[in-house]
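Residue numbers (our numbering): 144 to 405.
Okay, so here's the structure we're looking at.
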């Protein structure tokens with residue numbers, strides 16, 4: 144795969160146009176705005192910078208990087224472990240639901256484009272905590288590619304509810320399959336997350352296009368540094384410390400008026 148093709152794949156994966164349902168999630172930003180914590184562009188930038196430092200870096204970036212590496216090795220057990228860890232450290236229920244729904248959509252939309260079986264129309268994630276799925280990929284096809292068997296098995300695991308199918312994990316697998324390097328994958332996922340939250344803030348009617356673009360431009364160095372800092376972290380390093388964001392996410396679950404699902 145050429146570098147140009149990799150670049151185009153990264154653009155597509157990070158584009159808010161990708162129909163994975165991310166437009167329905169604000170990951171607590173709606174509650175920040177409703178409670179008056181975010182009033183101007185400076186407040187918005189500070190909150191999103193904290194998200195990068197405390198959630199995206201130590202959780203999503205580690206998940207993408209480890210999922211990418213596991214996919215490159217063809218290691219299904221490692222992929223399931225990344226999913227399990229990310230599910231465990233994501234505290235607010237709405238955050239988990241948004242992540243797994245988007246992951247399921249991404250899995251159905253793009254992994255299936257490459258001929259990956261086990262993902263069909265109406266496919267929904269129903270994560271079970273007890274493992275009832277045979278994690279060893281098997282095939283009767285003598286021409287099967289062993290490095291793709293884990294992708295078949297992973298999508299099957301999501302479909303049968305054996306694993307959660309978090310967005311960052313599916314993203315890491317898909318990015319590796321599309322030929323992106325690990326750092327490219329982490330940056331693309333972080334960018335899509337930040338743009339999604341900025342889009343949510345704009346749709347809430349508090350910010351114009353110019354303000355949103357200025358905040359995005361200011362956050363890019365933080366995004367790059369965050370991905371670089373966590374690129375080589377192990378799965379054991381994964382864990383968020385973002386009590387304010389988590390509290391906002393939990394309050395949002397009981398809010399009387401909600402535009403977003405999280």
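Cβ atoms here follow ideal geometry from the backbone N, Cα and C, with glycine treated the same way.
Computed from a predicted structure; not experimentally measured.
Where the alpha helix (DSSP H) containing residue 246 begins and where it ends: 236-249
Given residue 390 as reference, the closest of 330, 235 and 317 once Cα atoms are compared: Comparing Cα positions, the closest option is 235.
Rounded C-alpha distance that separates residue 296 from residue 219: 7 Å
Residue 340 to residue 185 span [Cα, whole Å]: Using only the alpha carbons, I get a separation of about 15 Å.
Three-state secondary structure assigned by DSSP to residue 303: coil
Proximal residues to residue 393 (C-beta, below 7 Å), its chain only, five neighbours per side dropped: 235
Helix, strand or coil at residue 181 [DSSP, three-state]: coil
Stretch pair the region 146-164 + the region 357-373: three plus CB contacts closer than 8 Å: Touching, no, given that fewer than three Cβ pairs across the two stretches are closer than 8 Å.
Exposure label - residue 336; buried when at least 16 CB within 10 Å: Buried, because 16 or more other Cβ atoms sit within 10 Å of the Cβ of residue 336.
Coarse secondary structure for residue 176, derived from DSSP in three states: helix
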